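In the numbering used here, the protein residues as written are 419 to 516.
Where is the CB? At the ideal position from N, CA and C, for every residue including glycine.
Nothing here was measured: the structure is a model prediction, and the numbers come from that model.
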C-alpha cells in the first residue's frame, strides 16, 4: 500500500502553474500508477484541503541525444492538476510564489 508521500512526488513550479494557483488549481508530479481517487486522498491528507476535481496527464519522454550521438529518451512521468473547492483553504506551499 502506497503512502500519500509515495503518490505525490513533487509540486510543479512553473509560470503557467502559478497562474492557476489564483483559481485554486495546482499541478503535481505523481506516481505513474496512481489513479484520480488516490491522488485526491493524498492531496487532502498531506495539505488538509478539500479537492473538487483531479485531471491527470501522461507526459511522454522527449527524444534526446546521449553521449556519442546515441539516441535516447527523457523519462516518462504523470502530471495531475488538482482543483480545490471554493470553501477550501489554499495550499500554503504555493502562497509566496504567486
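Suppose the cutoff is 6 Å on Cβ atoms and the five residues either side in sequence are ignored; what does the same chain contact list for residue 460 look like? 422, 425 and 426
Under 8 Å between C-beta atoms of residue 472 and residue 498: yes
Quick one: what's got a C-beta closer than 8 Å to residue 494's C-beta in the same chain, skipping five residues either side? 450, 476, 477, 478 and 479
In DSSP terms, what residue 446 is bridged to: 429 and 498
Between residue 411 and residue 502, is the Cβ-Cβ spacing less than 8 Å? No answer is possible for residue 411: the residues shown for the chain start at 419 and end at 516.
By Cβ distance, which residues of its chain are closer than 6 Å to residue 506, with the 5 residues on each side in sequence left out? 467 and 468
Exposed or buried, residue 448, counting other C-beta atoms within 10 Å across all chains shown (16 or more means buried)? buried
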